[in-house]
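Enquirer: For the sequence shown, our numbering assigns the number 141 to the initial residue and increments by one for each residue that follows.
The structure's right below; bear with me while I get my questions together.
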Amino acid sequence: MTYFKVNERCTGCLACVQNCPASALKATEDNTQRTLHHNMARCARCATCWRVCPEDAIEFQHLLVNEWDEVVTLALARCMVCGEILHTRHLAETLDADLRPMAETLCPRHKIQQAARLRAYPQKAHGAEGKKTES
Ligand code: SF4
Ligand code: SF4
141 MTYFKVNERC TGCLACVQNC PASALKATED NTQRTLHHNM ARCARCATCW
191 RVCPEDAIEF QHLLVNEWDE VVTLALARCM VCGEILHTRH LAETLDADLR
241 PMAETLCPRH KIQQAARLRA YPQKAHGAEG KKTES
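See below:
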């Protein structure tokens, strides 16, 4: 993804490269072409390139876009009673086998209710494991 955009007016004069105080612009050349490169990690968004460009070719507004980029999307595990979000499914899958039972499917509130029920009716404890519980 690039936020530094140059329009068709660019003549490749390199004024932007030569004046960038952060060395965030460079040009490479082969036998037939000159290519302009921009490095977002170095860029200070100072707009010097935009100011010195004689062709008004740098579309600086793209560097100022205030948007969130989606990075990753993961499936959620929810409390089986109330639907409260607990963690991602992927997180539970990465736990060691020993710890996996701790990645329960009940939220803290319903875990307490479940524990209270099991204390009150211990004979049902075995059958209640993993069974859907009323809120
Ligand atoms: S200063 Fe403007 S015209 Fe010159 S290379 Fe940079 S973007 Fe292109
Ligand atoms: S905004 Fe400033 S730091 Fe970024 S490329 Fe332009 S001159 Fe360089």
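Backbone N, C-alpha and C fix where the C-beta goes; we use that ideal spot for every residue, glycine too.
When you compare only the Cα positions, how much space is there between Ala-181 and Ser-163?
Expert: Cα to Cα, Ala-181 sits roughly 10 Å from Ser-163.
Enquirer: Relative to ligand 2, is the shortest distance from any of its heavy atoms to the C-beta of Thr-168 smaller than 6 Å?
Expert: No; taking the cut-off as 6 Å, the Cβ of Thr-168 has no heavy atom of ligand 2 nearer than that.
Enquirer: To test your reading of the DSSP string, which unbroken alpha helix (DSSP H) runs of 4 or more residues are found completely within the segment 151-237?
Expert: 155-159, 188-192 and 229-234, all fully within the segment 151-237.
Enquirer: Starting from Leu-258 and walking both ways along the alpha helix (DSSP H), at which residues does that stretch end?
Expert: Per DSSP, Leu-258 belongs to the alpha helix (DSSP H) from 248-260.
Enquirer: Classify Leu-226: buried if its beta carbon has 16 or more other beta carbons within 10 angstroms, exposed otherwise.
Expert: Per the 10 Å Cβ criterion, buried.
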